[in-house]
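Numbering (our numbering), first residue to last: 6 to 200. To start, the structure itself, in structure tokens.
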């Protein structure tokens with residue numbers, strides 16, 4: 006009975022199991038010199054999953070220039086005017102309650118008008134500062150030390166405007182050249198030149 010059970014239930018003992026396919030964890034570094042094993046086997050390479058991103062900012066079409074300081078741009082229901090930029094700031098706040106930058110602070114002053122039919126929130130975190138190397142910088146939480154002059158999270162009713170500052174902490178040797186303005190955390194943006 007044991008011989009019959011082994012013969013019926015086992016399958017082919019001489020077959021070698023297929024070797025496991027190598028896998029790489031998402032985001033793990035790979036050796037650029039070694040070929041992709043899945044491509045060698047005739048299988049397509051797995052698509053890398055990109056992190057959730059906001060919609061890309063609208064660049065000016067070829068031959069057109071970007072809006073600049075003092076010019077109003079439409080971003081969703083908002084009309085936004087960048088009114089000034091100041092780089093090289095070494096501290097925000099007071100001696101007791103303030104913060105020093107890792108590099109240098111940059112403030113971007115702007116006025117935001119809600120042209121929509123309902124109250125909208127303007128988020129400082131949706132606005133990205135771009136330096137001369139194309140690096141995108143997020144807003145700094147030290148903006149809270151700008152007191153009432155910040156646009157951290159501001160609700161703006163229809164027809165109303167709010168003015169204030171955005172704050173960025175960028176490398177000492179970096180130069181701010183553009184700001185990507187967005188109407189929300191994931192809204193489509195517009196690029197404004199800062200120089």
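Think of the CB as a built atom: it goes at the ideal place given N, C-alpha and C, for glycine as much as any other residue.
Residue from 108, 175, 84 and 111 whose Cα sits closest to the Cα of residue 188: 84
Within the same chain, show all residues whose beta-carbon is closer than 7 Å to that of residue 37, passing over the 5 residues directly before and after it, in chain order. In this prediction, residue 37 has a pLDDT of 39, which is less than 50 and means its spatial position is unreliable; nothing more can be read from the coordinates.
Buried versus exposed call for residue 173 [16 or more other C-beta atoms within 10 Å across all chains shown]: buried
Can you grab the Cα-Cα spacing for the pair residue 72 / residue 195, in whole Å? 9 Å
Looking at the unbroken beta strand (DSSP E) that takes in residue 175, where does it start and where does it end? 166 to 175
Three-pair Cβ contact test at 8 Å for the region 178 to 185 versus the region 150 to 165: no
Label residue 197 either buried or exposed according to how many other C-beta atoms from any shown protein chain fall within 10 Å of its C-beta, with 16 as the threshold for buried. buried
Cα-Cα, which of 115, 81 and 79 is closest to residue 171? 115
As assigned by DSSP and simplified to three states, the class of residue 89: strand
For residue 54, is the classification buried or exposed, using 16 other Cβ atoms within 10 angstroms of its Cβ as the cut-off for buried? Reliability fails at residue 54, whose pLDDT of 43 lies under 50, so the model's placement of it is uncertain and no value is given.
Determine the direct distance from the alpha carbon of residue 200 to that of residue 70, and round the result to whole angstroms. 12 Å
Check whether the region 78 to 98 touches the region 116 to 132, taking contact to mean three or more Cβ pairs, one atom from each stretch, closer than 8 Å. yes
What number of angstroms, rounded off, separates the C-alpha of residue 126 from the C-alpha of residue 146? 17 Å
How long is the line joining the alpha carbons of residue 104 and residue 142, rounded to whole angstroms? 18 Å
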